[in-house]
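Asks: Before I ask anything, here is the structure I am working with.
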Amino acid sequence: MSGLSAISVTTRPLRRQISREELRPGEVLCDFCTAKCCRYFALPIETPTEHADFEYIRWYLLHERAGVFTEDGQWYLLVHTQCQHLRDDHLCGIYETRPQICRDYSTDACEYDDDWTYERYFETPEQIQEYEEAVLQKPNQDLRSPRPPLLPILR
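Numbering of the sequence shown is given in our numbering, commencing with residue 616 and proceeding in unit increments.
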């Protein structure tokens, strides 16, 4: 086993998702969740204001499982990647020694029942490039696509 000890993980069935209001004393939201918070991380980034800023964002989006979104006017880099210690039962495999950021996290405002909609969401470099063209529009620049050729008249 190359020096690693095997961890026994029992897969518990996930209970049906309940609303926060249905939670009884002693119950924890995490017992009803699929650990959304452990399947990505998002970091704030500077609001793009010039071409170079958009080029960085375009570069981010060239990487798999990366996205960029805005929420309350703040821009974020989103990386869809699962914590290596998330167990099959959706619980933390290192709960007692988890990082401080995890300890500080609370279910009070977590995304347990979030619908995952954002003000803006970009997942391809082409989307951010089009957005840049619209935001950094030059005077007299036409944002419309070129008119396609007319279709032939059938007789």
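Even for Gly, the Cβ is constructed at its ideal location relative to N, Cα and C. Keep in mind that this is a model prediction, so the values were computed, not measured.
(1) Let's test the definition: count the other Cβ atoms within 10 Å of the Cβ of Trp-690 and tell me whether it reaches 16, buried, or not, exposed.
(2) Classify Trp-731 as helix, strand or coil using the three-state DSSP reduction.
(3) Using the Cβ count rule (16 or more neighbours within 10 Å means buried), how would you classify Arg-639?
(4) Is the beta carbon of Val-683 less than 8 Å from the beta carbon of Leu-677?
(5) Which value, in whole angstroms, describes the spacing of the CA atoms of His-695 and Tyr-720?
(6) Tell me which same chain residues have a C-beta within less than 6 Å of the C-beta of Thr-722, skipping the five on either side of it?
(7) Would you call the CB atoms of His-700 and Gly-688 closer than 8 Å?
(8) In whole angstroms, what is the alpha-carbon distance linking Arg-713 and Arg-702?
(9) In the DSSP assignment, the alpha helix (DSSP H) including Pro-740 goes from what residue to what residue?
(10) Taking 8 Å as the threshold (C-beta atoms), are Ser-634 and Asp-730 in contact?
Replies: Per the coordinate set shown:
(1) In the sequence shown, counting from the first residue as 1, residue 690 sits at position 75. Classification for Trp-690: buried.
(2) Here residue 731 refers to the residue found at position 116 when the sequence shown is read from its first residue. Coil at Trp-731, not helix or strand.
(3) As a position in the sequence shown, residue 639 is number 24, starting the count at 1. It counts as exposed.
(4) Sequence index remark: in the sequence shown, residue 683 carries index 68 (1-based). Sequence index remark: in the sequence shown, residue 677 carries index 62 (1-based). Not closer than 8 Å, so no.
(5) Looking up residue 695 in the sequence shown gives position 80. Looking up residue 720 in the sequence shown gives position 105. Going from the Cα of His-695 to the Cα of Tyr-720 covers about 18 Å.
(6) Position 107 of the sequence shown, counting from 1, holds the residue named residue 722. Correct list, in chain order: Leu-644.
(7) Looking up residue 700 in the sequence shown gives position 85. Looking up residue 688 in the sequence shown gives position 73. Their beta carbons are not under 8 Å apart, which means His-700 does not touch Gly-688 by this criterion.
(8) Residue 713 sits at position 98 when you count from the first residue of the sequence shown. Residue 702 sits at position 87 when you count from the first residue of the sequence shown. When rounded, the distance between both Cα atoms is 13 Å.
(9) Taking the sequence shown and counting its residues from 1, the one referred to as residue 740 is at position 125. Note, Pro-740: alpha helix (DSSP H), 740–750.
(10) The count along the sequence shown starts at 1 and reaches residue 730 at position 115. The count along the sequence shown starts at 1 and reaches residue 634 at position 19. Contact flag unset, no.
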